[in-house]
Amino acid sequence: MISKTITLRIDPANPDSESVAQAGRLLREGGTVAFPTETVYGLGANACDHAAVQRIFEAKGRPTDNPLIVHIADRAQLDPLVLPYSGIARRLMDRFWPGPLTLVLPVRPGVVSPHVTAGLDTVAVRLPAHPVALAVIAAAGCPVAAPSANSSGRPSPTEVSHVLDDLDGRIDAVIDGGAAGVGLESTVVEIIDGGSALRILRPGGVTAEDLREVVPRIEYDEVAAPGQSASTAREAAPAAAAAPDAGRIADIGPAILLPGGRLAHSAPRSPGMKYAHYAPRGIMELVQGEPAAASAYIQGEVRTARARGERTGVLVFTEHAHLYDADHIAVVGSLAHLETAAQGLYAALRSFDDNGVQRIWAESCPEQGIGHAFMNRVAKAAAHLIVRV
Ligand code: AMP
Ligand code: MG
């Protein structure tokens, strides 16, 4: 069991250093190293070393039915991992790598740890666009499996302090390379129908609009579709609801809040929905509707919760911050600059925990561009507890 996590400082503007060599050595020898990428901080291990990959799952408390993304520093590292792939895959790599696009490709049997693929006949691969990530993977000389460097279920880390909050003492090293870029995880796609279409399995930094430049026909996995949160929303009850069932909403799948405050859960529709992801510790509800109606509903709920003695929080956009009064107001950024709001989302979600908030309400934004990935993460953080006002 690891007890001491070392911090290595690497300057993204000038990554070549003894620290890069040390991080590479640790990875090659079976250690776990967290490093910045242009999406979020990742927790890496040698993808071909089964014991090393197991350490990722142990450190995060991650369920083993959730596969990992393999990170490479160079296209030459790809061919040993996968079976021959389509021309479409190559065109996507040409257009979006290095960058926040993960491709699900046919795996070459027996090369990566079976935990990396979760027993599937595919492997998810990406080539990140971050100088520190690229330098460390190149120094390791092996493909690096890396999920986000957070405890399973918690918001992903976008700063080194988030990594240490969750994993200090549980991993060998963390690289301090400044703030991550996009702030949301990569877009995950698979190529379908013989290369004539793409299916988005997880929305992220590369948007559907971007992908359409290469492949005009885009489909969505059920859990990744825009408006998917709308389809699970319930109408607001006329009177403010009482507290939902006690305890944190975790690992229980999509939920709806029934009148009277009881939670109902439907069976998970896919492994990705079985777990509350990206979630603060408090119970969070996503509110859809016009800003005035949303704030009126939320302020009513805040008053009721405060009367019960609960600490309240709201996740709101700059334009509407003045409409709110709660114990903790997390202003995530402007609706006019959703890219910037995305960079701050996970830090905002973590700020509720830092302030001991027990009940949280979040505003919605349009699901265009990065807004799609943004709403996908907020809906998951709310364990699909969604209300339409
Ligand atoms: P994380 O490691 O937390 O960034 O999440 C990795 C994401 O990639 C999850 O949504 C996985 O379900 C998805 N993923 C990884 N490998 C595969 C694969 N072979 N097929 C489908 N989805 C995958
Ligand atoms: Mg993750």
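Everything in the sequence shown is counted per my numbering, starting at 54 for the first residue and increasing by one.
Glycine is no exception: its CB is placed at the ideal position from the N, C-alpha and C atoms.
Original post:
Looking at residue 186 and residue 279, is the spacing between their C-beta atoms short of 9 Å?
Top reply: As a working note, residue 279 is residue 226 in the sequence shown. As a working note, residue 186 is residue 133 in the sequence shown. Cβ distance not < 9 Å, so residue 279 and residue 186 don't count as in contact.
Original post:
Out of curiosity, what's the CA-to-CA distance linking residue 337 and residue 102?
Top reply: Here residue 337 corresponds to residue number 284 of the sequence shown, with the count starting at 1. Here residue 102 corresponds to residue number 49 of the sequence shown, with the count starting at 1. Answer to the nearest angstrom: the Cα atoms are 38 Å apart.
**OP:** Compute the beta-carbon to beta-carbon distance between residue 244 and residue 272, rounded to the nearest angstrom, for a pair I have assumed lies under 8 Å.
**Re:** Taking the sequence shown and counting its residues from 1, one reaches residue 244 at position 191. Taking the sequence shown and counting its residues from 1, one reaches residue 272 at position 219. Contact doesn't hold; Cβ gap of about 11 Å is too wide.
Original post:
Which residues in the same chain have their Cβ closer than 7 Å to the Cβ of residue 363, if we skip the five residues on either side of it in sequence?
Top reply: Walking along the sequence shown from the start, residue 363 turns up at place 310. So the list reads 411 and 412, once near-sequence residues are dropped.
Original post:
Where does residue 180 sit, in a helix, a strand or coil, going by DSSP?
Top reply: Walking along the sequence shown from the start, residue 180 turns up at place 127. Looking at residue 180 - three-state DSSP - the assignment turns out to be coil, as it is neither helix nor strand.
Subject >> Environment of the ligand AMP in chain order, Cβ to heavy atom below 6 Å >> reply: 119, 120, 121, 122, 157, 170, 173, 175, 176, 177, 200, 201, 238, 241, 254, 255 and 325
Subject >> In chain order, each alpha helix (DSSP H) run of at least 4 residues that lies wholly inside the segment 179–221 >> reply: 184–193 and 213–220
Subject >> One or two residues paired with residue 288 in a DSSP bridge >> reply: For the purposes of this step, residue 288 is taken as the residue at position 235 of the sequence shown. Bridge partners of residue 288: 441.
**OP:** Closer than 8 Å by C-beta to residue 225: which residues in its own chain qualify, once you throw out the five before and the five after it? Chain order, please.
**Re:** Locating residue 225 in the sequence shown gives position 172, counting from the first residue. Once the five neighbours on either side are set aside, the close Cβ partners of residue 225 are 55, 58, 59, 79, 84, 85 and 86.
Subject >> residue 421 - containing beta strand (DSSP E), residue span >> reply: Numbered from 1 along the sequence shown, position 368 holds the residue referred to as residue 421. No beta strand (DSSP E) contains residue 421, which DSSP labels as neither H nor E.
**OP:** Have a look at 442, 386, 150 and 230 and flag the residue whose alpha-carbon is nearest the alpha-carbon of residue 241.
**Re:** Here residue 241 refers to the residue found at position 188 when the sequence shown is read from its first residue. Residue 241 has its Cα closest to that of 150, out of 442, 386, 150 and 230.
Subject >> Residue from 395, 414 and 344 whose Cα sits closest to the Cα of residue 335 >> reply: Position 282 of the sequence shown holds residue 335. Closest by alpha carbon: 414.
Original post:
Sorted by chain position, which residues of the same chain lie with C-beta nearer than 8 Å to residue 346's C-beta, five sequence neighbours on each side aside?
Top reply: Along the sequence shown, one-based indexing puts residue 346 at 293. Only 442 meet the Cβ criterion.
**OP:** Figure out for me which residue from 382, 97, 164 and 247 has the closest Cα to the Cα of residue 191.
**Re:** Along the sequence shown, read from residue 1 onward, the residue named residue 191 stands at position 138. Here the closest residue by C-alpha is 97.
**OP:** Work out the CA separation of residue 193 and residue 123 for me, nearest whole Å.
**Re:** Residue 123 sits at position 70 when you count from the first residue of the sequence shown. Residue 193 sits at position 140 when you count from the first residue of the sequence shown. Cα-Cα distance, rounded: 13 Å.
Original post:
Is the beta carbon of residue 429 within less than 8 Å of some heavy atom of the ligand MG?
Top reply: Within the sequence shown, residue 429 is the residue found at index 376, counting from 1. False, no ligand heavy atom lies under 8 Å from that Cβ.
Original post:
What does a CB cutoff of less than 6 Å around residue 339 pick up in its chain, not counting 5 residues either side in sequence?
Top reply: Your numbering for residue 339 matches position 286 in the sequence shown. Excluding residues within five positions, the ones whose Cβ falls inside 6 Å are 415, 431, 432, 435 and 439.
Original post:
Using a Cβ-Cβ cut-off of 8 Å (strictly less than) and excluding sequence neighbours within five positions of residue 128, which residues of its own chain qualify?
Top reply: Counting from one through the sequence shown, the residue named residue 128 turns up at place 75. Counting only Cβ-Cβ distances below 8 Å, and skipping sequence neighbours, we find 146, 150 and 180.
Subject >> Endpoints, alpha helix (DSSP H) assigned at residue 73 >> reply: Within the sequence shown, numbered from 1, the residue matching residue 73 stands at position 20. Run containing residue 73: 71–81, per the alpha helix (DSSP H) assignment.
Original post:
So residue 236 packs on residue 211, CB below 8 Å; how close in whole Å?
Top reply: Counting from one through the sequence shown, the residue named residue 236 turns up at place 183. Counting from one through the sequence shown, the residue named residue 211 turns up at place 158. That belief holds up - the Cβ atoms of residue 236 and residue 211 are roughly 5 Å apart, short of 8 Å.
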